Amino acid sequence: MAVMTRRERVYAAANHEEPDRVPICFAGAAGTYITECPPDGRVCSQLYEYLGLKDAEPIQLTDAFSQPAKIDERVVQRLHSDMAAVGPNAPRAIVESDGTKTWPWFCGMRIRRTGYYDEPFDFPMRHMTTKEDIDAYPWPDLSVNIMDGVVERAKYLHGKTDYFVVGRSISTMLPFLGYALLSGMDKWITDMKIRPKFYRQLSEKLLEIGLASNEQFFGGIGQYLDGANINDDLGTQVGPFMSHDDYLQFFKPYTVEIIKNIRKHLRPEAKIILHCCGSVYYAIPDLIEIGVDILNPVQPLAKNMEPWRLKKEFGDKLAFLGGFDIQQLLPLGTTDEIREGAKKLIQEYAHGGGFIFATSHNIEPDTPPENIVAAFDAACENGKYPISEAGGETYVDFIKGLRLQSRQLGGNSPL
Amino acid sequence: MEIIEEIYHKVVEGNVSETETLVKKALNKKVAAQNIMNDGFIRALNLVGEKFSAGEAFLTEMLTSAMSVKSGMELLKPLLAKSDIKSKGTVVAGTVAGDIHDIGKNMVCMMLEGAGFKVIDLGVDVSGEKFLQAAKENKADIMVISALLSTTMRNMAETVRLVSSAGLEHKVNVLIGGAPVTQDFAQAIGADGYAPDAAQAIKKARELLHIS
Chain V
0 MAVMTRRERV YAAANHEEPD RVPICFAGAA GTYITECPPD GRVCSQLYEY
50 LGLKDAEPIQ LTDAFSQPAK IDERVVQRLH SDMAAVGPNA PRAIVESDGT
100 KTWPWFCGMR IRRTGYYDEP FDFPMRHMTT KEDIDAYPWP DLSVNIMDGV
150 VERAKYLHGK TDYFVVGRSI STMLPFLGYA LLSGMDKWIT DMKIRPKFYR
200 QLSEKLLEIG LASNEQFFGG IGQYLDGANI NDDLGTQVGP FMSHDDYLQF
250 FKPYTVEIIK NIRKHLRPEA KIILHCCGSV YYAIPDLIEI GVDILNPVQP
300 LAKNMEPWRL KKEFGDKLAF LGGFDIQQLL PLGTTDEIRE GAKKLIQEYA
350 HGGGFIFATS HNIEPDTPPE NIVAAFDAAC ENGKYPISEA GGETYVDFIK
400 GLRLQSRQLG GNSPL
Chain D
0 MEIIEEIYHK VVEGNVSETE TLVKKALNKK VAAQNIMNDG FIRALNLVGE
50 KFSAGEAFLT EMLTSAMSVK SGMELLKPLL AKSDIKSKGT VVAGTVAGDI
100 HDIGKNMVCM MLEGAGFKVI DLGVDVSGEK FLQAAKENKA DIMVISALLS
150 TTMRNMAETV RLVSSAGLEH KVNVLIGGAP VTQDFAQAIG ADGYAPDAAQ
200 AIKKARELLH IS
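In the order they appear, the protein sequences are chains V and D.
Just so it is clear: in the first sequence, position 313 is 312 by numbering that gives the first Met the number 0, and no numbers are missing.
Just so it is clear: in the second sequence, position 168 is 167 by numbering that gives the first Met the number 0, and no numbers are missing.
Here it is, written out as structure tokens:
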């Protein structure tokens with residue numbers, strides 16, 4: 000088969016056709032990035048050093064979640080990425096005198112460094128229980144311009160590169176995740192049971208804010224996008240956050256609204272990519288029904304999220320982006336084990352297309368750089384179609400059988 | 000007793016306000032605090048916990064049931080303190096150093112208290128030294144350590160080492176849990192127990208202290 004462009008390759012996979020090789024994504028969609036946690040967890044800087052980049056621009060961090068705002072293009076190419084992302088140019092968080100941050104544009108989210116990460120804390124909506132509380136809150140100014148340089152960047156990626164271009168914005172976290180980030184995860188979970196009327200009132204308000212920003216962002220660049228990234232987290236390691244009935248009542252309608260409003264700005268062939276961590280098997284039929292084309296990050300060790308299971312039950316209707324385990328295999332495996340894992344993952348997911356290789360979330364500070372390079376190189380080497388049949392133990396059984404956590408205590412993790 | 004049965008059902012439902020109302024009513028009727036705890040709270044938490052482990056109840060149900068018990072326990076505590084009823088054991092609990100995630104740990108604390116344990120919640124980002132000091136000061140029988148991040152799990156090993164260095168490995172049982180934690184890891188670091196979820200943590204705590 001002739002070599003495809005990056006864009007053709009990803010579209011083919013997303014359309015359940017076999018491209019020339021399995022597409023790969025690094026830093027091209029939510030959950031496919033790398034963290035950077037100075038001073039002790041500089042995993043992105045370590046990757047740069049490992050790859051011999053002595054002249055890279057200093058790494059600037061995002062306001063929350065400890066990620067580089069921009070990855071050196073040479074690293075993106077070295078890791079064979081076929082996807083590139085563009086985000087809004089939103090007002091930055093304000094650094095307070097005590098070193099914590101407040102982010103007025105994202106509804107006043109409060110951020111603090113704990114351990115490695117910049118994490119939400121001091122939840123500014125936690126006190127809310129009534130409509131009056133909602134009305135009294137200092138909501139962000141929705142007329143703020145978030146598009147400086149953004150259209151130019153999207154147009155450049157679309158017209159001057161062959162990347163599959165993905166638009167991603169934190170505003171798609173509203174209402175959920177936003178509800179949890181701003182009120183505390185426990186309040187989000189319990190409000191829907193203890194005060195459902197208030198839950199809907201706050202969710203409507205958060206949705207209103209999110210849709211306004213989404214309108215500005217996706218409205219401005221939709222024509223240049225091949226993918227639109229939205230965010231929900233429906234599951235934990237061991238199962239759903241809530242019952243399926245509660246998901247249908249309290250969650251699904253909002254995602255329908257978000258997708259509907261973004262979709263109208265996209266070209267018909269463009270794909271909706273949902274970033275949704277954890278054990279989300281229970282909701283996959285719903286996600287397919289409401290128009291999700293690609294599911295990310297497909298965390299393999301979460302319950303019922305094995306690649307073989309998802310491919311068998313949903314592989315003809317849903318494409319998968321992610322899957323390479325970062326809880327154990329990527330940080331703790333040897334490079335040989337990583338190569339074996341990449342091969343098994345592709346064998347389980349990639350027959351008939353429908354799979355884009357990526358890590359099962361952002362690469363964490365405990366990851367040796369050689370492991371990162373080994374994983375992506377192995378994906379490239381083993382991704383040429385036709386893909387060989389899976390054999391022996393499954394990908395998840397392979398990872399579990401390595402017993403990496405007990406090995407780590409005498410191992411070579413940089414931590 | 001009918002009112003205890005009503006309390007049981009309200010806890011299972013996760014109805015915080017009605018649990019509180021009914022506990023007050025029961026106490027006014029001179030129902031023994033111990034009976035409310037055993038037949039109202041513990042029985043309800045056992046049921047919800049079993050359903051959670053079986054995938055029939057979820058964090059929503061677990062948290063609201065645990066919150067119902069917590070609000071009820073606030074009313075019972077003064078009476079239990081005056082009585083000669085001993086707690087089932089003393090637990091110090093916290094999220095490991097570098098980690099601020101606490102839903103699982105909070106549920107374990109609420110459920111252990113509802114099950115008759117004395118619980119000292121140390122909060123989040125708890126250093127090994129703080130765990131050890133709290134265990135010593137409170138003569139803890141169990142140390143519960145939670146971690147959500149694979150990058151902070153290693154700090155659990157350090158805490159277990161501190162317990163051992165202080166000569167407490169046969170006195171304080173270390174029970175660990177959290178999303179990335181596995182039985183394999185717990186054994187490798189020498190923890191006394193591992194539980195994959197809050198419901199099983201309560202069972203494990205009872206097992207470790209040889210109580211029903």
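All C-beta atoms, glycine included, are put in the ideal place defined by N, C-alpha and C.
If you're wondering where the values come from, they're calculated on a predicted model, not measured in any experiment.
query = Which residues mark the beginning and the end of the alpha helix (DSSP H) in which residue 10 of chain D is found?
reply = 1–12
task = Taking residue 9 of chain V as the reference, give the member of V:71, V:79 and V:50 with the closest Cα.
result = V:79
key: Nonlocal neighbours in the same chain, by C-beta distance under 6 Å from residue 14 of chain V, ignoring five residues either side   = none
message = What would DSSP say about residue 36 of chain V, mapped onto helix, strand or coil?
response = strand
request  = Kindly provide the ranges of any beta strand (DSSP E) runs that are 3 or more residues long and lie completely inside the region 187–237 of chain V, ordered along the chain.
outcome  = 226–230
key: chain D contact residues for residue 405 of chain V, given Cβ-Cβ distances below 8 Å   = 183, 184, 186 and 187
ask   = chain V partners of residue 97 of chain D, CB-CB under 9 Å?
value = 113, 114, 115 and 116
message = Rounding to the nearest angstrom, what Cα-Cα distance links residue 192 of chain D and residue 103 of chain D in this structure?
response = 16 Å
ask   = Taking 9 Å as the CB-CB limit, is residue 242 of chain V close to chain D?
value = yes
query = Roughly how many whole angstroms lie between the Cα atoms of residue 109 of chain V and residue 89 of chain D?
reply = 35 Å
inquiry  = Cutting at 6 Å between CB atoms, please list the residues of its own chain near residue 172 of chain D, excluding the five before and the five after it.
reply    = 141, 191 and 207
key: C-beta atoms of residue 375 of chain V and residue 23 of chain V nearer than 9 Å   = yes
request  = Decide if residue 169 of chain D is buried, meaning its Cβ has at least 16 other Cβ atoms within 10 Å, or exposed.
outcome  = exposed
request  = Could you name the residues of chain D that residue 120 of chain V contacts, counting a contact when the two beta carbons are closer than 8 Å?
outcome  = 99
request  = Out of V:82, V:26 and V:113, state which residue places its alpha-carbon closest to the alpha-carbon of residue 63 of chain V.
outcome  = V:113
ask   = Would residue 304 of chain V pass as a contact of residue 59 of chain D if the rule is Cβ separation under 9 Å?
value = no
inquiry  = Against residue 402 of chain V, what residues of chain D qualify as contacts under a CB-to-CB distance less than 8 Å, listed in chain order?
reply    = 183
task = Run through the region 105–147 of chain D for me and flag every whole beta strand (DSSP E) of 3 or more residues, listed as ranges in chain order.
result = 117–120 and 141–145
ask   = In chain order, which continuous runs of the alpha helix (DSSP H) of length 4 or greater are located wholly inside the region 252–316 of chain V?
value = 283–288 and 306–313
ask   = If we count Cβ pairs, one from each stretch, closer than 8 Å, do we get three or more for the region 69–78 of chain V versus the region 18–33 of chain V?
value = yes
request  = Compute the Euclidean distance between the alpha carbons of residue 232 of chain V and residue 99 of chain D, then round it to the nearest angstrom.
outcome  = 18 Å
request  = Following the continuous alpha helix (DSSP H) through residue 172 of chain D, name the residue where it begins and the one where it ends.
outcome  = No alpha helix (DSSP H) holds residue 172 of chain D; the beta strand (DSSP E) holding it covers 172–176.
query = Would you say the region 331–350 of chain V touches the region 388–403 of chain V, given that touching needs at least three Cβ pairs under 8 Å?
reply = yes
ask   = What in chain D is Cβ-close to residue 364 of chain V, meaning under 8 Å?
value = 150
request  = Go through its chain and collect everything with a Cβ distance to residue 317 of chain V's Cβ below 6 Å, but skip five positions before and after it.
outcome  = 287 and 294
key: Given residue 235 of chain V as reference, the closest of D:189, D:177 and D:32 once Cα atoms are compared   = D:177
query = Leaving out the 5 sequence neighbours to the left and right, which residues in its chain are closer than 8 Å to residue 297 of chain V when beta-carbon positions are compared?
reply = 304, 306, 309, 319, 320, 321, 322 and 359
inquiry  = Taking 9 Å as the threshold (beta carbon to beta carbon), is residue 195 of chain D in contact with chain V?
reply    = yes
request  = Flag residue 120 of chain D as yes if its beta-carbon sits less than 9 Å from any beta-carbon of chain V, otherwise no.
outcome  = no
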